[in-house]
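Visitor: Heads up, the first sequence is in this note's numbering, so the first residue is 1 and it goes up one at a time. Below is one structure. I have some questions about it.
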Amino acid sequence: MMMEGFFEQVYRLVSQIPAGRVATYGQIASLLGRPKSAKIVGWAMRSAPSDRRLPCHRVIKKTGRLAPEYAFGGSENQRMLLENEGVTFKADGSVDLARHRWEITRDKF
DNA sequence: CAGCTGACAATAA
DNA sequence: GTTATTGCCAGCT
1 MMMEGFFEQV YRLVSQIPAG RVATYGQIAS LLGRPKSAKI VGWAMRSAPS
51 DRRLPCHRVI KKTGRLAPEY AFGGSENQRM LLENEGVTFK ADGSVDLARH
101 RWEITRDKF
């Protein structure tokens, strides 16, 4: 696949995130070779078309905190989705990254 | 063509 | 411990 844009890479990677597992923007960016481009990943999510079925709710901040409320139409919804997939949350409402941090299970895209 | 924006992250105070 | 600032890269105006 050609580089249609950094988004395609992000979409591809995010779409590989298994249920019950979460990834951070920085991690995705780092996997793509741009550890400083976490914003680009977030931007890709923002532009994330529903056609890709991107589990953007599985992509969270590095602090374990979910995306802002203005995203997803409510962080509560996102939290519920993750809980439904088996993700455990702290009393603070943050995701337990230490338990659900996703890592690459694929050799190549 | 130049500048602005942004679903983040890391560092400084 | 939190709050403020800078860096970063791709897309938009």
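Ideal Cβ placement from N, Cα and C applies to all residues, glycine included. Here the structure is a predicted model, which is why all the values come from computation and not from measurement.
(1) Just the C-alpha distance for K62 and G26, rounded to the nearest angstrom, thanks.
(2) Hey, which unbroken runs of the alpha helix (DSSP H) at 4 residues or more fall wholly within the region 2-42?
(3) Spatial neighbours of I60 within its chain, please: CB distance less than 7 Å, with the 5 preceding and 5 following residues excluded, ordered by chain position.
(4) Quick one: Cα of W43 to Cα of H100, how far?
(5) Under a Cβ-count criterion, where at least 16 other Cβ atoms within 10 Å of its own Cβ denotes burial, should S37 be classed as buried or exposed?
(6) How far does the alpha helix (DSSP H) with S50 in it reach, from first residue to last?
(7) For F89, list the residues DSSP reports as bridge partners.
(8) Out of curiosity, what's the CA-to-CA distance linking Q16 and G93?
(9) Note down the Cα distance separating G33 from E76, rounded to an integer number of angstroms.
(10) How many angstroms separate the CA atom of I40 from the CA atom of F6?
(11) What is the DSSP secondary structure of R79, counted as helix, strand or coil?
Guide: In short:
(1) The alpha-carbon atoms of K62 and G26 are separated by roughly 7 Å.
(2) 6-14 and 25-31
(3) Residues V22, T24, L66, A67 and V95 of the same chain have their beta carbon placed closer than 7 Å to that of I60, with the five preceding and five following residues left out of the count.
(4) 23 Å
(5) buried
(6) Segment: none, S50 is in no alpha helix (DSSP H) and carries neither H nor E.
(7) V95
(8) Inter-residue distance for Q16 and G93 is about 25 Å (C-alpha atoms, whole angstroms).
(9) Straight-line Cα distance between these residues: approximately 32 Å.
(10) Straight across, the Cα-Cα distance linking I40 with F6 is about 8 Å.
(11) helix
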